[in-house]
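Protein chains: 4
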Amino acid sequence: MRFFSDNAAAAHPKVIEAIAQSNRLDTAYDGDEWSARLDGAFAELFEREVRALWVSTGTAANCLALAALCPPYRGILCHRDAHIEVDEAGAPGFFTGGAKLMLLDGEGAKVTPDIVESAIGLIRNDVHQVQPAALSITNATEYGLVYRASEVAALGEVARSHNLAFHMDGARFANAVASTGASPADLTWRSGIEALSFGFIKNGGLNAECLILFRTELAEEVAVRRKRAGHLSSKGRMLAAQVLALLEDGLWLENARAANAAARELAAAAADRLLYPVEANEIFVRATSVEAAALRARGFDFYDWGPGEIRFVTSWDQDSKSVEQLADAIRAL
Amino acid sequence: MRFFSDNAAAAHPKVIEAIAQSNRLDTAYDGDEWSARLDGAFAELFEREVRALWVSTGTAANCLALAALCPPYRGILCHRDAHIEVDEAGAPGFFTGGAKLMLLDGEGAKVTPDIVESAIGLIRNDVHQVQPAALSITNATEYGLVYRASEVAALGEVARSHNLAFHMDGARFANAVASTGASPADLTWRSGIEALSFGFIKNGGLNAECLILFRTELAEEVAVRRKRAGHLSSKGRMLAAQVLALLEDGLWLENARAANAAARELAAAAADRLLYPVEANEIFVRATSVEAAALRARGFDFYDWGPGEIRFVTSWDQDSKSVEQLADAIRAL
Amino acid sequence: MRFFSDNAAAAHPKVIEAIAQSNRLDTAYDGDEWSARLDGAFAELFEREVRALWVSTGTAANCLALAALCPPYRGILCHRDAHIEVDEAGAPGFFTGGAKLMLLDGEGAKVTPDIVESAIGLIRNDVHQVQPAALSITNATEYGLVYRASEVAALGEVARSHNLAFHMDGARFANAVASTGASPADLTWRSGIEALSFGFIKNGGLNAECLILFRTELAEEVAVRRKRAGHLSSKGRMLAAQVLALLEDGLWLENARAANAAARELAAAAADRLLYPVEANEIFVRATSVEAAALRARGFDFYDWGPGEIRFVTSWDQDSKSVEQLADAIRAL
Amino acid sequence: MRFFSDNAAAAHPKVIEAIAQSNRLDTAYDGDEWSARLDGAFAELFEREVRALWVSTGTAANCLALAALCPPYRGILCHRDAHIEVDEAGAPGFFTGGAKLMLLDGEGAKVTPDIVESAIGLIRNDVHQVQPAALSITNATEYGLVYRASEVAALGEVARSHNLAFHMDGARFANAVASTGASPADLTWRSGIEALSFGFIKNGGLNAECLILFRTELAEEVAVRRKRAGHLSSKGRMLAAQVLALLEDGLWLENARAANAAARELAAAAADRLLYPVEANEIFVRATSVEAAALRARGFDFYDWGPGEIRFVTSWDQDSKSVEQLADAIRAL
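Those protein sequences? They're chains A, B, C and D, same order as listed.
Heads up: the first sequence at position 185 corresponds to 176 in this note's numbering, and the numbers run straight through without jumps.
Heads up: the second sequence at position 202 corresponds to 193 in this note's numbering, and the numbers run straight through without jumps.
Heads up: the third sequence at position 256 corresponds to 247 in this note's numbering, and the numbers run straight through without jumps.
Heads up: the fourth sequence at position 16 corresponds to 7 in this note's numbering, and the numbers run straight through without jumps.
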């Protein structure tokens, strides 16, 4: 019974089916009919014109966006626990040509306008100190919190006032939409987001994410950077087909709701042990090593987060029985 | 009837099947059981220990290898028509951090020891001129020629004597093996090759290539660079599974033989029009624009290579009837 | 009697004097009174507003300019014998983050509009091939030829029509001005040049060059890049003072005229042996190895350019007697 | 009366004299007789073979060293107030190709073995997190503290045990030697330092620093990187001559002692206001804005460090009378 990571889950059967169906001769790269439909599909979802480029990992989506938004000699403000800082092997430095991540504090990997303002206030405005060019937030955050639309908008206001580009790492964007009930548009461009890494892989996809550019004029540059980074798949139709399958009939949202619901069930069981509010599909729980061992002995797999802390992640396909069993087991600790 | 590019062909049904079968919860990234089998499978094929890392494009395979073989402040000798020079959007410069491609001449995109020696001879050995650190060849070449094992070995000797790392872009390695009849080992490490980009996508794969490291000590660095370049897929099992499916029972070689056979058939028909000997699955043909138009009018799709030149590429699944029809049409010009 | 390189000559006494005079406590970096006068001094010389940043080498001037003019994922058109290509150890790749030098032919390291147009015509306009973003020329060229103002303007027209930034490596700009008699303005911005590496070190300076930005809005970025490349000297006044000393009363032009005159004298003596017209301060001469040895035996120092070719370079302080002696010696060969 | 920065002081008269004396025709770049003497001069000072390369800024010295010691895909442990982190405009990211500075705490910008060990202990040893490859310390630190030889050695031990390269930013190395009384050898290579940025500019030099490589095998690579970064001056003799002038008869040490002595005098006067022990030539003092204004009104120039904090820096040529006056003024606050 695996609660280790949504990364490791299977892809949704419709995704596999879509890959199989798109497996026929067509134009190479992104000239095929599936890729051609992406802009339109996301335009509908976001209620405005966008440019959507498939890539095969979240790291690629994030870092292609950051490279387009921040020149090598400037910096990107982000939380110190942001995925781009702690889990991408320095990819932002590679893609941007050495731009600096400028780290912010904030509970549950969530930053606030005050935190951003304070950090900016400490930077001397001269040629010796790196000046920030962008702000990047993660929604849902690395600790399973979400930014509501109003919270994103408040940060967007700060970004605008300091002339910062504004990026959202949406590896779990679907979970954030499902959790907040906000429209994708309100959670992003209406709140100032200029580029969104829209994650599908943790949510039923196999290996396709989408980089959504609300600043559509960046698409040409990003397309070149994508090729240059070795991310222009020659049979890209298989990536586009996955995304289209997940967008169809709101499957992406349905998947996220299922994962979130499983997480809420576990959160209720672990209410007095929670390290953070559970707002998406991650549950961080206080547990002694003896307790952790007891859970493992009962067949539950999860991540040791730190001393006395464990993490569960629920997936789109989380078996309801195993969730129930884990909830019971947590209550019984 | 498409003779445009092997890039655009469908994947082999067994590849799609393998993806579907590997679509179940397992460890993320490359910790799964399919990925774990790659080193062994290629060790068998190459008759020695190797390290094999999947990546999703040939550009990624090539450039991760080059970055490990050449420091940013040195250069890579390659043919001026090499894919890394003309078709990867400057990816070698990106991955290496600015190393220089040092361009060589040679008929049919094929270099010889003499050409390499001459080029090296022209480089002043001082701090002002970029010194080469690596040699990269493509087999089969971008013009459909192949290097025999003895030819690779002669270049390997030159590389060794100048202390150059030696890389092979094997986007069509399968076609080269099929064409020369050489063993994979003889065509590579026994002839001095240290890293091979082993292509599968043009040969029945969907989106998996393998970077084969004969200098196995480079694997740790390359694994970090792969992650850092956004090329560590979280469900990497789908990439490994494709490769394993193509390796099984020699399917990769069977596919390449089919493509080569189709090319030979077209070459025979175009014998007096060939720009290069046809040794793999690409056929470059002299044709006036009127002739080209005539072929297109009959339903054949292909690439206008240059004034008076057209290119056909055959694929693993090339329909024999369409090959016959094209051969007839060429003869009838 | 040294005709090896103008790089190796002494600095003008007034330059040393200026350094000594500026050696007093002042604001660090470029906040001092000498640095503050540069913009104005060059504005006068160029008959318009400019931004002038001192740097300590020509490579730094060139590559800071190129980094500001060309993004990492695009290319810079230049002659295949350009200093940036053959003598800067790959610095353009380093400063730009991997942009590609796209090499042009042309007699005497001089390119023409036709040559540039042809090269551009060969580049497929797609995402796989690097697209050019800039054109860089050297005036005087690496072979001692000069571009007249009209020639620069014709290239400027080509650059503009293809949306290319236009840079001039003016390591020997003074010699070009002296040779053509054109105004600095006509030779540069009035002909489309956007950034000029204005060389002083080969012309009586010690270690100060100036990067002149006609696109003044680039100054802020270039200032940051200069610091980031370790080129913001803390006692920058010593660099500014050198430049001001050379600008004063046209000393820079006087120096260049002296060097050019010495070169003309040698050119006259070697008229039937010249490899290129002598238009600045470099003389390329056909000479057998026996002849070269004979000259060396008489105490002349110079560069062996290639088989049967030698190079003389004259300096601002070239002793007229040694020039006469060399002229005689060449005639006597 | 200027206590703003040792960066802004004049150069020592002997340095200017040395520049003037070396101003004659010689081989370009670093082939001249002055440059040739550097290795020997530093070998004597450090009691072992070293390779010494002049560069014109401390940022260049630091970042060339770091680029040679740390590959792009790894990290450099340093204090969060280190000059390389806060005052070099991101130069480490530029020179290394995107390596990550990994920030350490520690009073007065000084790190301890425990702090380093703790930081390393928090890094997951996997491909997702950047692994450190180097440790860099500043001696004297950015807050005017010094590392004794035994303290460096203890850090050297940590570095060795974790396979980290070990770099010292010695922008004020002379002050550290003068303060500790340790031999240059004990403060560096005998304590594990592999590369030292030996500062001269803040200590009587004009624009020459030296990068001292105790791992002499790195010299070839560093020399190439120096050229590639535009830091190979064509008249490098003027840089070498400065350094030799300062080394002669221990002038460098004499200068540092003078600066340190002036700082001690101020420290005594400000004893109850000191933010850090004064061990070199920087004095950080608590002062209200009213007090700061009062000092300024009396003609003293200094840096506002932060709310209620001011910084004085003494130089090699600090006028003893102005020191006395400032001491009195501080006491009188």
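We treat Cβ as the ideally placed atom computed from N, Cα and C, and that holds for glycine.
Quick caveat, the model's predicted, so the values are computed rather than measured.
Use the C-beta contact count for residue i: other C-beta atoms within 10 angstroms, 16 or more gives buried, fewer gives exposed.
i, result
"residue 22/C", "exposed"
"residue 113/B", "exposed"
"residue 116/D", "exposed"
"residue 154/D", "exposed"
"residue 4/C", "exposed"
"residue 181/A", "buried"
"residue 217/C", "buried"
"residue 312/A", "exposed"
On a CA-only basis, which of the options is nearest residue i? Give me that one, please.
i, options, result
"residue -2/C", "83/D, 226/D, 68/D and 112/D", "226/D"
"residue 52/A", "70/A, 74/A, 107/A and 287/A", "74/A"
"residue 249/D", "291/D, 229/D and 309/D", "309/D"
"residue 195/B", "206/B, 241/B, 156/B and 151/B", "241/B"
"residue 235/A", "286/A, 215/A, 36/A and 106/A", "36/A"
"residue 99/D", "69/D, 125/D, 86/D and 111/D", "69/D"
"residue 39/A", "224/A, 215/A, 206/A and 252/A", "206/A"
"residue 86/A", "77/A, 63/A and 102/A", "63/A"
"residue 128/D", "146/D, 111/D and 141/D", "146/D"
"residue 141/A", "162/A, 110/A, 119/A and 183/A", "183/A"
"residue 341/D", "224/D, 211/D, 201/D and 223/D", "A query on residue 341/D cannot be resolved here, the shown segment of chain D reaching from -8 to 324 and no further."
Can you find a CB in chain D that lies within less than 7 Å of the CB of residue i?
i, result
"residue 304/A", "no"
"residue 20/A", "no"
"residue 218/B", "yes"
"residue 193/A", "no"
"residue 46/B", "no"
"residue 96/A", "no"
"residue 224/C", "yes"
Verify whether the separation of the beta carbon atoms of residue i and residue j is less than 7 Å.
i, j, result
"residue 48/C", "residue 221/D", "yes"
"residue 260/C", "residue 269/C", "no"
"residue 305/D", "residue 254/D", "yes"
"residue 203/B", "residue 43/B", "yes"
"residue 130/C", "residue 93/C", "no"
"residue 278/B", "residue 169/B", "no"
"residue -8/A", "residue 197/B", "no"
"residue 46/B", "residue 91/B", "no"
"residue 15/D", "residue 1/C", "yes"
"residue 59/D", "residue 213/D", "yes"
"residue 232/B", "residue 9/B", "yes"
"residue 135/D", "residue 273/D", "yes"
Determine, using beta carbons only, whether residue i comes closer than 7 Å to chain B.
i, result
"residue 81/A", "yes"
"residue 206/D", "no"
"residue 213/D", "no"
"residue 123/D", "no"
"residue 152/A", "no"
"residue 6/D", "no"
Within 7 Å of any Cβ in chain A, is that where the Cβ of residue i sits?
i, result
"residue 88/C", "yes"
"residue 84/D", "yes"
"residue 70/D", "no"
If you measure from the beta carbon of residue i to each beta carbon in chain C, is any gap under 7 Å?
i, result
"residue 134/A", "no"
"residue 255/D", "no"
"residue 139/D", "no"
Can you tell me the Cβ-Cβ gap for residue i and residue j, rounded? I've got them flagged as a contact below 8 Å.
i, j, result
"residue -5/C", "residue 267/C", "At roughly 18 Å, the Cβ-Cβ gap does not stay under 8 Å, so residue -5/C and residue 267/C are not in contact."
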